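> Can you keep this structure in mind? I'll have questions shortly.
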Amino acid sequence: MSARTAGSASTARPVLTALAWAWVVVPFLYGLYQLLVKIPALFGS
Amino acid sequence: MATGYLDRSRSVAAPGWSRWLVPPAALSIHLAIGQAYAWSVFKKPLETSLGISGVASALPFTLGIVMLGLSAALFGTKVDSVGPRWAMFCSMCCFCSGFLISALGMSVGQYWLVVLGYGVIGGIGLGIGYISPVSTLIRWFPDRPGLATGIAIMGFGGGALIAAPWSSSMLTAFGATGPDPDPDGIALAFLIHGVGYAVFMSVGWLLIRVPAGGWKPAGWEPIPQPAGSLISAGDVSARNAIKTSQFWLLWVVLCVNVTAGIGILERAAPIYSDFFPGGVGLAAAAAGFVAILSLANMLGRVVWSSISDVIGRRNIYRIYLGIGALLYLAVTLTTNANKVVFLVCSMLILSFYGAGFATVPAYLRDLFGTYQVGAIHGRLLTAWSIAGVLGPLIVNAIADARIAAGVTGPGRYTLSFSIMIGLLIIGFLCNELVRPVNPRFHEPASDPAAGKTGTVA
């Protein structure tokens, strides 16, 4: 089998990859921050 | 059916396409549909503005979860045959139409439209969206299927983290909170959710690609499996998978694992208040407990699922079920004697709950191959529907009976936690009984370029 691999003819798209991850990570970090600010109350602060 | 641009054949990746673009595509769907777990934000405004009961205000969510399981089971084969782009597009249309119909329902004062829109139509979007990226991720990450599905399914847990504060602030801004919430404000919030999520999810179906036939990661070769290994050398169709004992053993494993986690998750705040009553800021501390469990649930999905790539799927479920039972035992025996022990045990239990969801697609891949793993996963999710009723029912019914009998404190949960231990032991035994799938269930060998690697039975 002549397998195609990621290494062959790799034309990495760093900008697209960074934007795609930012698209999901930024809202996720917003949600995570909103979650983390609630946790100190558990320990009486 | 002609699906044009949305068809699998139109979404085959060009040479050099980075597989690291696929997880964000999957996450843009899962982070959106994970909003379902934040439905409770809408409950109070709906109850106050429409004068409906708590049961009625929960109906769109309950129906949504039921429809998730049903649509994943019914449309799983279709999703596998037409591809992830079509599935993600359909999911977006259903999920966002659900919000728009709900907005119409609120603006004309017809609550049944909210139930139909969010619960039924939106619920179909949940089911199709949940399974849409699974088989694609497994094909792109044959070397790390647990990590790949863990990232996506973590998104489903993370969706509520985003939606809860976002929806709350929107409802407040539109005058849809407080003692006299404005129904038009709720309608506007639904409308913005529908439009906003349509934009967010569009990145998913625009970005998703399936690997070309025969593609594999650079430098990676499948490791030859020893005789008796659980990792299948052939592919099993969804129709044949449900004829195997392995499918039903995994169904029980998932069902009891979810039941054990959801029981504590669904009643987390009252459980904390009963274990550690008194003191100032109890409500805030209970909210902190809910938050820390959500975090554990989410992190467990990616961390434990990734570890399963190293130690194997059966071993990781031994941890989820066996250690999970011991953790429940520790909470039952120590009750509220030590807060740190209580918190650590609860967090680990919830991390195993989330991880059970995230690891099961890779377990299915091991047993049944990649051919129709999405469809098989969809059928397995019916266990979630059952567990979603069973877990809260056990914990709430027993707690209510204990409260009526005048029991206070951790004693309200001793029996239900003991039942959870029993269920987890049953799940542990079922996991031990899983054996490699008999080759007679394998699909006939076909052209490897078509993406199938079946063996002859």
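Protein chains in written order, with the numbering used here: chain R, 1230 to 1274; chain G, 50 to 506.
A virtual CB, placed ideally from N, CA and C, is assigned to each residue, including glycine.
The structure displayed is predicted, hence computed values, not measured ones.
1. Mind pulling the chain G residues with CB within less than 7 Å of residue 1253/R?
2. Please report the straight-line C-alpha distance between residue 87/G and residue 274/G, rounded to a whole angstrom.
3. I'd like to check one pair, residue 349/G with residue 399/G: are the Cβ atoms closer than 8 Å?
4. How about residue 378/G and residue 468/G: do their beta carbons lie closer than 8 Å?
5. Residues of chain R with a CB under 8 Å from the CB of residue 214/G: which are they?
6. Does the separation of the CB atoms of residue 201/G and residue 1270/R fall below 8 Å?
7. Can you name the residues of chain R whose CB is closer than 9 Å to the CB of residue 336/G?
8. For chain R, find out if any of its Cβ atoms is closer than 8 Å to the Cβ of residue 211/G; answer yes or no.
9. Could you list which residues in chain R have their beta carbon closer than 7 Å to that of residue 444/G, in chain order?
10. For a cutoff of 8 Å on Cβ pairs, would you count residue 69/G as touching chain R?
11. Within the same chain, show all residues whose beta-carbon is closer than 6 Å to that of residue 145/G, passing over the 5 residues directly before and after it, in chain order.
12. Would you report the Cα separation of residue 293/G and residue 443/G, rounded to the nearest angstrom?
13. Less than 6 Å between C-beta atoms, sequence neighbours within five positions excluded: which residues of the same chain meet that for residue 382/G?
14. Scan the stretch 238 to 265 of chain G for residues whose Cβ lies nearer than 9 Å to a Cβ of chain R and list them as they occur along the chain.
15. Is it the case that the Cβ atoms of residue 197/G and residue 219/G are separated by a distance below 8 Å?
16. Under three-state DSSP, which class holds residue 503/G?
17. Can residue 170/G and residue 143/G be called in contact, C-beta distance under 8 Å?
18. Give me whichever residues DSSP pairs with residue 259/G in a beta bridge.
19. Can you tell me which of 291/G, 324/G, 330/G, 89/G puts its alpha carbon nearest to the alpha carbon of residue 104/G?
20. If I'm right that residue 178/G touches residue 140/G with Cβ under 8 Å, what's the distance once you round it to whole angstroms?
21. Check distances from the C-beta atoms of the stretch 156 to 183 of chain G to those of chain R and list, in chain order, the residues that come in under 8 Å.
22. Taking C-beta to C-beta, are residue 163/G and residue 422/G nearer than 8 Å?
23. Helix, strand or coil for residue 92/G? Go by DSSP, reduced to three states.
24. By how many angstroms is the C-alpha of residue 322/G removed from the C-alpha of residue 106/G?
25. Within a Cβ cutoff of 8 Å, which residues of the same chain sit near residue 53/G, ignoring the five residues on either side of it in sequence?
26. May I ask you to report which of helix, strand or coil DSSP gives residue 265/G?
27. Would you call the stretch 450 to 466 of chain G and the stretch 252 to 259 of chain G touching, i.e. three or more CB-CB distances under 8 Å?
28. Should residue 415/G and residue 362/G be called a contact, given that it needs their Cβ atoms to be closer than 8 Å?
29. Examine chain R for any beta-carbon lying closer than 8 Å to the beta-carbon of residue 283/G, and answer yes or no.
30. Of all the alpha helix (DSSP H) runs that stay within the bounds of the stretch 1243 to 1270 of chain R, which reach a length of 4 or more residues?
31. Do the stretch 260 to 278 of chain G and the stretch 392 to 409 of chain G touch if we need at least three Cβ pairs shorter than 8 Å?
32. Tell me where the alpha helix (DSSP H) around residue 190/G begins and ends.
33. Report the residue from 65/G, 463/G, 190/G whose alpha carbon sits nearest the alpha carbon of residue 270/G.
34. CB residue 158/G to CB residue 355/G, shorter than 8 Å?
35. Could you tell me if residue 452/G is buried or exposed, where buried requires 16 or more neighbouring beta carbons within 10 angstroms of its beta carbon?
36. If you pair each beta-carbon of the stretch 116 to 127 of chain G with each one of the stretch 420 to 435 of chain G, do three or more pairs fall below 8 Å?
Considering the structure as presented:
1. The answer, in chain order, is 73, 76, 77, 80.
2. Each residue's Cα considered, the two are about 43 Å apart.
3. Closer than 8 Å, so yes.
4. Not in contact: residue 378/G and residue 468/G (Cβ atoms no closer than 8 Å).
5. Per Cβ cutoff of 8 Å: 1259, 1260, 1263.
6. With respect to the 8 Å criterion, residue 201/G and residue 1270/R are not classified as neighbours on the basis of their beta carbons.
7. The contacting residues are 1267, 1270, 1271.
8. It does: the Cβ of residue 211/G has a partner Cβ on chain R nearer than 8 Å.
9. Chain R residues near residue 444/G: none, gap ~21 Å exceeds 7 Å.
10. For residue 69/G, the answer is yes, since a Cβ of chain R falls inside 8 Å of its Cβ.
11. Closer than 6 Å at the Cβ level, and outside the excluded window around residue 145/G, lie 243, 246, 247.
12. Cα to Cα, the separation comes out at about 29 Å.
13. Excluding residues within five positions, none has a Cβ falling inside 6 Å.
14. Against chain R - using a Cβ distance shorter than 9 Å - the residues of the stretch 238 to 265 of chain G are 249, 252, 256, 260, 261, 262, 263, 264, 265.
15. Cβ distance not < 8 Å, so residue 197/G and residue 219/G don't count as in contact.
16. Residue placement at residue 503/G is poorly supported in this model, since its pLDDT is 32, which falls under 50; the coordinates still yield a value, given next. Correct three-state label for residue 503/G: coil.
17. Yes.
18. Partner(s): 61/G.
19. Restricting attention to 291/G, 324/G, 330/G, 89/G, the CA atom closest to the CA of residue 104/G is found in 89/G.
20. Indeed they touch by this definition, with Cβ atoms about 3 Å apart.
21. Those would be none; no residue qualifies.
22. Cβ distance not < 8 Å, so residue 163/G and residue 422/G don't count as in contact.
23. Here residue 92/G carries a helix assignment [DSSP, helix/strand/coil].
24. Looking at the two C-alpha atoms, the distance is approximately 24 Å.
25. Spatial neighbours of residue 53/G in its own chain (CB-CB distance under 8 Å, excluding positions within 5 residues in sequence) are listed in chain order as 59.
26. Residue state, collapsed to three classes: strand.
27. The stretch 450 to 466 of chain G, when compared against the stretch 252 to 259 of chain G, does not touch it at the 8 Å Cβ threshold.
28. Yes, they are a contact pair.
29. Look at residue 283/G: its C-beta is not under 8 Å from any C-beta on chain R.
30. Unbroken alpha helix (DSSP H) stretches of 4 residues or longer found wholly inside the stretch 1243 to 1270 of chain R: 1243 to 1265, given in chain order.
31. No contact exists between the stretch 260 to 278 of chain G and the stretch 392 to 409 of chain G.
32. According to the DSSP assignment, residue 190/G belongs to no alpha helix (DSSP H), since it is labelled neither H nor E.
33. Residue 190/G is the option with its Cα nearest to residue 270/G.
34. With contacts defined as CB atoms closer than 8 Å, residue 158/G and residue 355/G fail to qualify as a contacting pair.
35. If you draw a 10 Å sphere on the C-beta of residue 452/G, you find fewer than 16 other C-beta atoms in it, and that means exposed.
36. Contact between the stretch 116 to 127 of chain G and the stretch 420 to 435 of chain G is present: three or more C-beta pairs spanning the two stretches fall below 8 Å.
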